[in-house]
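Chemist:
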Amino acid sequence: MASAADGFIPYSRQEISEEDIAAVGALLRSDFLTQGPAGPAFEAAFAERHGVGHAIAVSNATAALHIGCLALGIGPGSRVWTSPNSFVSSANCAVFCGATVDFVDIDPITRNMGVDALAAKLETAEKRGTLPDLLIPVDFAGLPCDLAEMRALADRYGFAILEDASHATGAAYRDEPVGSRHADATVFSFHAVKIVTTGEGGMIVTQDAALAERLRLLRSHGVTRDETAMKRAPTPENGLGAWYYEMTELGWNYRLTDLQAALGLSQLGRMDEWRARREALADRYDALLGEGPLRLPVRRADRVSAWHLYAVELADEARAGRAEVFAALRAAGIGVNVHYIPIHTQPFYRQRGFRSEDFPKAVAYYERALSLPLFPALTEAQQDRVARVLLDLVA
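First residue of the sequence shown: 6, per the numbering used here; consecutive thereafter.
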(Lines of atoms letter the chains of each structure in order from A and count residues from 1; the text may use other names and numbers.)
(Lines give C-alpha, C1' and ligand atoms only; values in the text may rest on other atoms or scores of the structure.)
Protein backbone atom coordinates (compact mmCIF):
# COMPACT_ATOMS: atom_id res chain seq x y z
CA MET A 1 0.00 0.00 0.00
CA ALA A 2 1.22 3.54 -0.73
CA SER A 3 2.32 5.64 2.20
CA ALA A 4 2.16 9.31 3.07
CA ALA A 5 5.83 9.46 2.06
CA ASP A 6 4.71 9.24 -1.56
CA GLY A 7 3.31 12.77 -1.23
CA PHE A 8 -0.10 13.99 -0.15
CA ILE A 9 -2.76 14.14 -2.86
CA PRO A 10 -5.53 16.65 -1.97
CA TYR A 11 -9.11 15.99 -3.00
CA SER A 12 -9.02 19.28 -4.91
CA ARG A 13 -6.82 22.28 -5.51
CA GLN A 14 -6.91 25.55 -7.41
CA GLU A 15 -5.14 26.13 -10.72
CA ILE A 16 -3.31 29.47 -10.88
CA SER A 17 -1.38 30.39 -14.03
CA GLU A 18 1.17 33.08 -14.77
CA GLU A 19 -1.60 34.85 -16.70
CA ASP A 20 -3.74 34.89 -13.56
CA ILE A 21 -0.87 36.35 -11.54
CA ALA A 22 -0.24 38.97 -14.23
CA ALA A 23 -3.93 39.93 -14.30
CA VAL A 24 -4.02 40.46 -10.54
CA GLY A 25 -0.69 42.32 -10.66
CA ALA A 26 -2.00 44.69 -13.32
CA LEU A 27 -5.08 45.33 -11.21
CA LEU A 28 -2.90 46.19 -8.20
CA ARG A 29 -1.17 48.82 -10.34
CA SER A 30 -4.50 50.35 -11.37
CA ASP A 31 -6.63 52.96 -9.63
CA PHE A 32 -9.29 50.51 -8.41
CA LEU A 33 -9.12 47.71 -5.88
CA THR A 34 -12.91 47.51 -5.68
CA GLN A 35 -15.98 49.00 -7.41
CA GLY A 36 -13.95 49.66 -10.55
CA PRO A 37 -14.20 48.32 -14.13
CA ALA A 38 -12.98 44.76 -13.45
CA GLY A 39 -16.22 43.69 -11.78
CA PRO A 40 -18.52 44.67 -14.66
CA ALA A 41 -16.06 43.15 -17.15
CA PHE A 42 -16.12 39.82 -15.32
CA GLU A 43 -19.91 39.93 -15.09
CA ALA A 44 -20.27 40.66 -18.81
CA ALA A 45 -17.91 37.85 -19.83
CA PHE A 46 -19.61 35.37 -17.50
CA ALA A 47 -23.06 36.34 -18.77
CA GLU A 48 -21.99 35.92 -22.38
CA ARG A 49 -20.41 32.51 -21.72
CA HIS A 50 -23.53 31.27 -19.91
CA GLY A 51 -26.06 32.68 -22.35
CA VAL A 52 -27.80 35.00 -19.90
CA GLY A 53 -28.76 38.64 -19.96
CA HIS A 54 -27.55 39.54 -16.49
CA ALA A 55 -24.79 38.37 -14.14
CA ILE A 56 -24.28 39.87 -10.68
CA ALA A 57 -20.97 39.13 -8.95
CA VAL A 58 -21.01 38.78 -5.16
CA SER A 59 -18.69 37.90 -2.30
CA ASN A 60 -19.60 34.20 -2.22
CA ALA A 61 -22.28 31.76 -3.35
CA THR A 62 -24.00 31.88 0.05
CA ALA A 63 -24.49 35.62 -0.44
CA ALA A 64 -25.85 34.92 -3.92
CA LEU A 65 -28.35 32.41 -2.53
CA HIS A 66 -29.39 34.87 0.18
CA ILE A 67 -30.11 37.81 -2.10
CA GLY A 68 -31.61 35.42 -4.65
CA CYS A 69 -34.18 34.36 -2.07
CA LEU A 70 -34.89 37.96 -1.11
CA ALA A 71 -35.21 39.18 -4.69
CA LEU A 72 -37.66 36.35 -5.41
CA GLY A 73 -39.87 37.51 -2.56
CA ILE A 74 -38.91 35.04 0.15
CA GLY A 75 -39.55 36.20 3.71
CA PRO A 76 -41.37 35.25 6.92
CA GLY A 77 -44.17 32.84 6.10
CA SER A 78 -42.56 31.62 2.87
CA ARG A 79 -41.81 27.96 2.25
CA VAL A 80 -38.58 26.89 0.56
CA TRP A 81 -37.62 23.35 -0.47
CA THR A 82 -34.11 22.17 -1.29
CA SER A 83 -32.00 19.01 -1.43
CA PRO A 84 -30.62 17.44 1.77
CA ASN A 85 -27.52 16.39 -0.19
CA SER A 86 -25.73 19.73 -0.25
CA PHE A 87 -23.74 22.11 1.88
CA VAL A 88 -25.78 23.86 4.57
CA SER A 89 -25.94 27.19 2.71
CA SER A 90 -28.50 25.73 0.27
CA ALA A 91 -30.98 25.72 3.16
CA ASN A 92 -29.57 28.44 5.41
CA CYS A 93 -30.21 31.11 2.78
CA ALA A 94 -33.95 30.64 3.29
CA VAL A 95 -33.64 30.66 7.08
CA PHE A 96 -31.81 34.00 6.81
CA CYS A 97 -35.01 35.35 5.24
CA GLY A 98 -37.29 33.99 7.96
CA ALA A 99 -38.72 31.28 5.70
CA THR A 100 -39.60 27.70 6.59
CA VAL A 101 -37.25 25.13 5.03
CA ASP A 102 -38.09 21.61 3.93
CA PHE A 103 -36.26 19.03 1.84
CA VAL A 104 -36.93 16.69 -1.06
CA ASP A 105 -35.11 13.36 -1.01
CA ILE A 106 -32.57 12.54 -3.68
CA ASP A 107 -32.53 10.28 -6.70
CA PRO A 108 -29.97 7.67 -5.58
CA ILE A 109 -28.61 7.38 -9.12
CA THR A 110 -27.90 11.06 -9.86
CA ARG A 111 -27.68 12.09 -6.17
CA ASN A 112 -29.61 15.22 -7.15
CA MET A 113 -33.09 16.09 -5.92
CA GLY A 114 -35.39 13.35 -7.16
CA VAL A 115 -37.96 14.69 -9.60
CA ASP A 116 -40.38 11.85 -8.79
CA ALA A 117 -40.01 12.57 -5.07
CA LEU A 118 -40.61 16.25 -5.82
CA ALA A 119 -43.78 15.53 -7.83
CA ALA A 120 -45.16 13.31 -5.06
CA LYS A 121 -44.36 15.85 -2.35
CA LEU A 122 -46.00 18.64 -4.36
CA GLU A 123 -49.17 16.60 -4.83
CA THR A 124 -49.40 16.07 -1.07
CA ALA A 125 -48.56 19.71 -0.33
CA GLU A 126 -51.28 20.95 -2.67
CA LYS A 127 -53.88 18.97 -0.74
CA ARG A 128 -52.58 20.36 2.55
CA GLY A 129 -52.22 23.93 1.34
CA THR A 130 -48.46 23.89 1.99
CA LEU A 131 -46.97 24.32 -1.48
CA PRO A 132 -43.51 25.89 -1.65
CA ASP A 133 -42.86 29.43 -2.79
CA LEU A 134 -39.34 28.58 -3.93
CA LEU A 135 -37.41 25.48 -4.96
CA ILE A 136 -33.60 25.38 -4.66
CA PRO A 137 -32.38 22.34 -6.62
CA VAL A 138 -28.66 21.57 -6.32
CA ASP A 139 -26.51 20.38 -9.24
CA PHE A 140 -24.54 17.95 -7.09
CA ALA A 141 -20.92 17.29 -8.14
CA GLY A 142 -21.52 19.34 -11.30
CA LEU A 143 -24.29 17.21 -12.87
CA PRO A 144 -27.32 19.36 -13.76
CA CYS A 145 -30.66 18.44 -12.22
CA ASP A 146 -33.76 17.40 -14.17
CA LEU A 147 -34.36 21.06 -14.91
CA ALA A 148 -37.06 20.83 -17.60
CA GLU A 149 -39.21 18.58 -15.44
CA MET A 150 -38.72 20.87 -12.45
CA ARG A 151 -39.69 23.90 -14.54
CA ALA A 152 -42.86 22.16 -15.67
CA LEU A 153 -43.74 21.43 -12.04
CA ALA A 154 -42.95 25.03 -11.07
CA ASP A 155 -45.29 26.35 -13.75
CA ARG A 156 -48.01 23.94 -12.67
CA TYR A 157 -47.81 24.62 -8.94
CA GLY A 158 -46.72 28.26 -9.01
CA PHE A 159 -43.31 28.35 -7.33
CA ALA A 160 -40.03 29.96 -8.42
CA ILE A 161 -36.72 28.15 -8.99
CA LEU A 162 -33.37 29.35 -7.65
CA GLU A 163 -30.87 26.85 -9.02
CA ASP A 164 -27.82 26.18 -6.85
CA ALA A 165 -25.19 25.50 -9.51
CA SER A 166 -22.28 26.10 -7.14
CA HIS A 167 -20.74 22.87 -8.48
CA ALA A 168 -21.76 23.37 -12.09
CA THR A 169 -19.88 26.31 -13.61
CA GLY A 170 -19.34 25.32 -17.25
CA ALA A 171 -21.95 22.54 -17.21
CA ALA A 172 -24.69 22.20 -19.82
CA TYR A 173 -28.24 20.86 -19.95
CA ARG A 174 -29.82 19.86 -23.26
CA ASP A 175 -27.12 21.69 -25.23
CA GLU A 176 -27.54 24.96 -23.31
CA PRO A 177 -25.33 26.40 -20.57
CA VAL A 178 -26.59 25.86 -17.04
CA GLY A 179 -28.29 29.07 -15.93
CA SER A 180 -29.59 30.10 -19.34
CA ARG A 181 -33.05 28.53 -19.09
CA HIS A 182 -35.51 26.83 -16.69
CA ALA A 183 -34.51 28.59 -13.42
CA ASP A 184 -35.62 32.10 -12.47
CA ALA A 185 -32.07 32.68 -11.23
CA THR A 186 -28.96 30.50 -10.93
CA VAL A 187 -26.08 30.70 -8.46
CA PHE A 188 -22.43 29.78 -9.09
CA SER A 189 -19.47 29.51 -6.69
CA PHE A 190 -15.86 30.61 -7.17
CA HIS A 191 -14.47 29.04 -4.00
CA ALA A 192 -10.88 27.83 -4.27
CA VAL A 193 -11.87 24.21 -4.99
CA LYS A 194 -14.28 25.12 -7.80
CA ILE A 195 -13.57 24.92 -11.53
CA VAL A 196 -13.12 28.73 -11.72
CA THR A 197 -11.92 30.49 -8.59
CA THR A 198 -11.63 33.98 -7.17
CA GLY A 199 -10.57 32.62 -3.76
CA GLU A 200 -14.02 33.29 -2.40
CA GLY A 201 -16.76 34.63 -4.61
CA GLY A 202 -20.01 33.90 -6.37
CA MET A 203 -22.27 34.91 -9.24
CA ILE A 204 -26.03 34.96 -9.65
CA VAL A 205 -27.44 35.07 -13.18
CA THR A 206 -30.91 35.69 -14.58
CA GLN A 207 -32.72 36.57 -17.79
CA ASP A 208 -35.06 38.92 -15.87
CA ALA A 209 -33.91 42.56 -16.01
CA ALA A 210 -36.08 43.70 -13.09
CA LEU A 211 -34.85 40.83 -10.93
CA ALA A 212 -31.25 41.66 -11.83
CA GLU A 213 -31.73 45.28 -10.80
CA ARG A 214 -33.05 44.23 -7.40
CA LEU A 215 -30.16 41.80 -6.95
CA ARG A 216 -27.68 44.61 -7.62
CA LEU A 217 -29.43 46.77 -5.05
CA LEU A 218 -29.44 44.04 -2.41
CA ARG A 219 -25.73 43.26 -2.86
CA SER A 220 -24.71 46.86 -2.10
CA HIS A 221 -26.53 48.05 1.04
CA GLY A 222 -29.83 48.69 -0.77
CA VAL A 223 -28.27 51.95 -1.95
CA THR A 224 -28.94 53.48 -5.36
CA ARG A 225 -27.56 56.44 -7.30
CA ASP A 226 -30.00 55.85 -10.15
CA GLU A 227 -32.15 58.98 -10.23
CA THR A 228 -35.05 57.10 -11.81
CA ALA A 229 -35.20 54.82 -8.76
CA MET A 230 -34.98 57.57 -6.14
CA LYS A 231 -37.78 58.98 -4.05
CA ARG A 232 -36.18 62.42 -4.28
CA ALA A 233 -33.83 62.85 -7.22
CA PRO A 234 -31.27 65.70 -7.27
CA THR A 235 -32.44 68.89 -8.99
CA PRO A 236 -31.17 72.48 -9.07
CA GLU A 237 -34.21 73.44 -7.00
CA ASN A 238 -33.61 71.06 -4.06
CA GLY A 239 -29.88 71.71 -3.87
CA LEU A 240 -28.91 68.05 -4.16
CA GLY A 241 -25.92 67.15 -6.32
CA ALA A 242 -23.96 64.19 -7.67
CA TRP A 243 -22.99 63.14 -4.15
CA TYR A 244 -26.56 62.20 -3.33
CA TYR A 245 -27.72 58.59 -2.94
CA GLU A 246 -30.68 56.85 -1.37
CA MET A 247 -31.08 53.62 0.55
CA THR A 248 -34.39 52.30 -0.73
CA GLU A 249 -34.38 48.95 1.10
CA LEU A 250 -32.25 46.92 3.49
CA GLY A 251 -29.26 45.43 1.69
CA TRP A 252 -25.85 43.99 2.46
CA ASN A 253 -22.23 44.52 1.50
CA TYR A 254 -21.94 41.44 -0.70
CA ARG A 255 -19.74 42.99 -3.39
CA LEU A 256 -16.88 41.17 -5.11
CA THR A 257 -13.61 43.12 -5.18
CA ASP A 258 -11.86 44.08 -8.41
CA LEU A 259 -8.92 41.93 -7.33
CA GLN A 260 -11.16 38.89 -7.28
CA ALA A 261 -12.91 39.88 -10.50
CA ALA A 262 -9.58 40.23 -12.32
CA LEU A 263 -8.62 36.73 -11.26
CA GLY A 264 -12.04 35.36 -12.22
CA LEU A 265 -11.96 36.99 -15.65
CA SER A 266 -8.53 35.50 -16.32
CA GLN A 267 -9.63 32.07 -15.12
CA LEU A 268 -12.82 32.12 -17.19
CA GLY A 269 -10.77 31.81 -20.36
CA ARG A 270 -9.64 28.32 -19.34
CA MET A 271 -12.92 27.08 -17.89
CA ASP A 272 -13.79 24.83 -20.84
CA GLU A 273 -10.27 23.38 -20.94
CA TRP A 274 -10.39 22.58 -17.22
CA ARG A 275 -13.86 21.07 -17.43
CA ALA A 276 -12.71 18.81 -20.27
CA ARG A 277 -9.63 17.78 -18.27
CA ARG A 278 -11.82 16.91 -15.29
CA GLU A 279 -14.07 14.83 -17.52
CA ALA A 280 -11.05 12.97 -18.95
CA LEU A 281 -9.87 12.19 -15.42
CA ALA A 282 -13.38 11.03 -14.49
CA ASP A 283 -13.42 8.72 -17.52
CA ARG A 284 -10.07 7.32 -16.43
CA TYR A 285 -11.33 6.73 -12.88
CA ASP A 286 -14.26 4.83 -14.40
CA ALA A 287 -11.84 2.55 -16.23
CA LEU A 288 -9.61 2.04 -13.19
CA LEU A 289 -12.42 1.40 -10.70
CA GLY A 290 -15.12 -0.18 -12.83
CA GLU A 291 -14.50 -3.73 -11.63
CA GLY A 292 -14.43 -2.84 -7.94
CA PRO A 293 -17.27 -3.00 -5.38
CA LEU A 294 -18.12 0.65 -5.93
CA ARG A 295 -20.99 2.68 -7.38
CA LEU A 296 -19.50 5.23 -9.74
CA PRO A 297 -20.95 8.60 -10.83
CA VAL A 298 -23.66 8.40 -13.46
CA ARG A 299 -23.66 10.12 -16.85
CA ARG A 300 -26.71 11.51 -18.62
CA ALA A 301 -26.82 11.85 -22.41
CA ASP A 302 -28.73 15.15 -22.27
CA ARG A 303 -26.33 16.97 -19.95
CA VAL A 304 -22.65 17.82 -19.52
CA SER A 305 -21.26 17.66 -16.00
CA ALA A 306 -18.73 20.19 -14.73
CA TRP A 307 -17.12 17.32 -12.77
CA HIS A 308 -16.55 19.37 -9.65
CA LEU A 309 -16.42 16.09 -7.69
CA TYR A 310 -15.78 12.45 -8.45
CA ALA A 311 -17.91 10.84 -5.74
CA VAL A 312 -18.17 7.07 -5.34
CA GLU A 313 -20.24 4.88 -3.04
CA LEU A 314 -19.05 1.70 -1.37
CA ALA A 315 -21.21 -1.22 -2.52
CA ASP A 316 -22.60 -3.83 -0.13
CA GLU A 317 -19.84 -6.27 -1.04
CA ALA A 318 -17.00 -3.88 -0.14
CA ARG A 319 -14.64 -5.53 2.36
CA ALA A 320 -14.43 -2.46 4.62
CA GLY A 321 -16.81 0.27 5.74
CA ARG A 322 -16.63 3.93 4.80
CA ALA A 323 -15.01 5.13 8.04
CA GLU A 324 -12.26 2.49 7.80
CA VAL A 325 -11.64 3.18 4.11
CA PHE A 326 -11.59 6.95 4.66
CA ALA A 327 -9.08 6.68 7.52
CA ALA A 328 -6.83 4.30 5.60
CA LEU A 329 -6.80 6.51 2.50
CA ARG A 330 -5.95 9.57 4.58
CA ALA A 331 -3.19 7.60 6.33
CA ALA A 332 -1.81 6.73 2.88
CA GLY A 333 -1.61 10.41 1.97
CA ILE A 334 -4.75 10.50 -0.17
CA GLY A 335 -6.98 13.42 0.73
CA VAL A 336 -10.41 11.93 0.19
CA ASN A 337 -13.42 13.80 1.49
CA VAL A 338 -17.15 13.24 2.02
CA HIS A 339 -19.88 15.30 0.33
CA TYR A 340 -22.25 15.77 2.10
CA ILE A 341 -23.50 15.22 5.60
CA PRO A 342 -27.25 15.55 4.91
CA ILE A 343 -28.37 19.02 5.93
CA HIS A 344 -31.42 17.81 7.82
CA THR A 345 -29.23 15.73 10.17
CA GLN A 346 -27.29 18.77 11.41
CA PRO A 347 -28.10 19.81 15.02
CA PHE A 348 -29.54 23.15 13.88
CA TYR A 349 -32.12 21.41 11.68
CA ARG A 350 -32.78 18.58 14.13
CA GLN A 351 -33.85 21.29 16.57
CA ARG A 352 -36.42 22.30 13.96
CA GLY A 353 -38.01 18.87 13.97
CA PHE A 354 -36.19 16.97 11.24
CA ARG A 355 -35.18 13.35 11.82
CA SER A 356 -32.48 11.38 10.05
CA GLU A 357 -35.04 8.94 8.64
CA ASP A 358 -37.09 11.70 6.99
CA PHE A 359 -34.94 11.51 3.84
CA PRO A 360 -33.53 7.99 3.78
CA LYS A 361 -32.00 8.06 0.30
CA ALA A 362 -29.81 11.04 1.15
CA VAL A 363 -28.71 9.35 4.37
CA ALA A 364 -28.01 6.03 2.61
CA TYR A 365 -25.84 7.82 0.05
CA TYR A 366 -23.95 9.76 2.72
CA GLU A 367 -23.14 6.63 4.71
CA ARG A 368 -21.30 5.12 1.73
CA ALA A 369 -19.90 8.21 0.01
CA LEU A 370 -16.30 9.14 -0.74
CA SER A 371 -15.06 12.01 -2.91
CA LEU A 372 -11.79 11.06 -4.62
CA PRO A 373 -9.07 13.53 -5.65
CA LEU A 374 -10.05 15.39 -8.82
CA PHE A 375 -8.42 18.53 -10.20
CA PRO A 376 -6.82 19.44 -13.56
CA ALA A 377 -3.21 18.99 -12.39
CA LEU A 378 -3.86 15.49 -11.03
CA THR A 379 -1.39 13.17 -12.76
CA GLU A 380 -2.07 9.70 -14.08
CA ALA A 381 0.47 8.32 -11.61
CA GLN A 382 -1.40 9.97 -8.74
CA GLN A 383 -4.70 8.70 -10.07
CA ASP A 384 -3.28 5.18 -10.39
CA ARG A 385 -2.16 5.39 -6.78
CA VAL A 386 -5.61 6.50 -5.58
CA ALA A 387 -7.29 3.65 -7.45
CA ARG A 388 -4.78 1.03 -6.31
CA VAL A 389 -5.02 1.92 -2.62
CA LEU A 390 -8.82 2.16 -2.75
CA LEU A 391 -9.23 -1.19 -4.48
CA ASP A 392 -6.79 -2.85 -2.07
CA LEU A 393 -9.08 -1.74 0.74
CA VAL A 394 -12.48 -2.63 -0.68
CA ALA A 395 -12.02 -5.46 -3.21
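Where is the CB? At the ideal position from N, CA and C, for every residue including glycine.
Taking DSSP as the reference, what is the three-state secondary structure of threonine 211?
Modeler: Looking at threonine 211 - three-state DSSP - the assignment turns out to be strand.
Chemist: Could you give the residue range of the alpha helix (DSSP H) that holds threonine 87?
Modeler: Element bounds for threonine 87: not the alpha helix (DSSP H) but the beta strand (DSSP E), 84 to 87.
Chemist: Are the CB atoms of glutamine 265 and threonine 203 within a distance shorter than 7 Å?
Modeler: In this structure, glutamine 265 lies closer than 7 Å to threonine 203 by Cβ.
Chemist: Got a sec, what are the start and stop residues for the beta strand (DSSP E) proline 259 sits in?
Modeler: The sequence as given places tyrosine at residue 259; proline does not occur at that position. Counting along the chain, tyrosine 259 falls outside any beta strand (DSSP E), and DSSP gives it neither H nor E.
Chemist: If you compare alpha carbons, which of Pro137, Ile114, Thr115, Glu23 is closest to alanine 124?
Modeler: Nearest of Pro137, Ile114, Thr115, Glu23 to alanine 124, Cα basis: Pro137.
Chemist: On the three-state DSSP scale, how would you describe alanine 10?
Modeler: Residue confidence for alanine 10 is low, a pLDDT of 46 falling below 50, so the modelled location carries little weight and cannot support an answer.
Chemist: Hey, how far is the Cα of isoleucine 79 from the Cα of alanine 159?
Modeler: Approximately 16 Å between the Cα atoms of the pair.
Chemist: Kindly confirm or deny that the region 172 to 181 and the region 109 to 129 touch, where touching means at least three C-beta pairs closer than 8 Å.
Modeler: No: fewer than three Cβ pairs fall under 8 Å.
Chemist: Locate the alpha helix (DSSP H) running through isoleucine 26, then write down its first and last residues.
Modeler: Looking at the DSSP string, the run of the alpha helix (DSSP H) that includes isoleucine 26 is 23 to 33.
Chemist: If glycine 326 and proline 378 are in contact, beta carbons under 8 Å, what's the gap, nearest whole angstrom?
Modeler: Going by Cβ atoms, the distance from glycine 326 to proline 378 rounds to 21 Å, so no, they are not a contact pair.
Chemist: Considering only the alpha carbon of each residue, which of Pro89, Val120, Ile114, Leu398 lies closest to aspartate 107?
Modeler: Answer by Cα proximity: Pro89.
Chemist: Considering Cα atoms alone, identify which of Leu293, Phe380, Val343 is closest to tryptophan 279.
Modeler: Nearest of Leu293, Phe380, Val343 to tryptophan 279, Cα basis: Phe380.
Chemist: Where DSSP assigns a beta bridge to tyrosine 290, which residues make up the other side?
Modeler: DSSP output for tyrosine 290 lists no bridge partner at all.
Chemist: Okay, do the region 365 to 376 and the region 107 to 118 touch, 3+ Cβ pairs below 8 Å being the bar?
Modeler: Yes, the region 365 to 376 is in contact with the region 107 to 118.
Chemist: Would you give the residue range spanned by the beta strand (DSSP E) that serine 171 belongs to?
Modeler: From DSSP, serine 171 is part of no beta strand (DSSP E); its letter is neither H nor E.
Chemist: Taking DSSP's pairing of strands, which residues face alanine 190 in a bridge?
Modeler: BP columns for alanine 190 point to Leu167.
Chemist: Mapping the DSSP letters down to three states, classify phenylalanine 353 as helix, strand or coil.
Modeler: Reduced to three states, the DSSP call for phenylalanine 353 is helix.
Chemist: When we look at the beta-carbon of leucine 33 and count the other beta-carbons within 10 Å, is it buried (16 or more) or exposed?
Modeler: Exposed.
Chemist: Would DSSP call glutamate 322 helix, strand or coil?
Modeler: Coil, per DSSP.
Chemist: Taking the alpha-carbon of glutamate 168 as reference, which of Met155, Tyr162, Arg161 has the nearest alpha-carbon?
Modeler: Checked all of Met155, Tyr162, Arg161; the closest Cα to glutamate 168 is Met155.
Chemist: For the region 44 to 115, list the beta strand (DSSP E) runs that are entirely contained and at least 3 residues long, ordered along the chain.
Modeler: Listed in chain order, they are 59 to 63, 84 to 87, 105 to 108.
Chemist: So, at 7 Å on beta carbons, what are the nonlocal neighbours of tyrosine 249 in its own chain, with the 5 sequence-adjacent residues on each side left out?
Modeler: Taken in chain order, the residues that qualify are Pro239.
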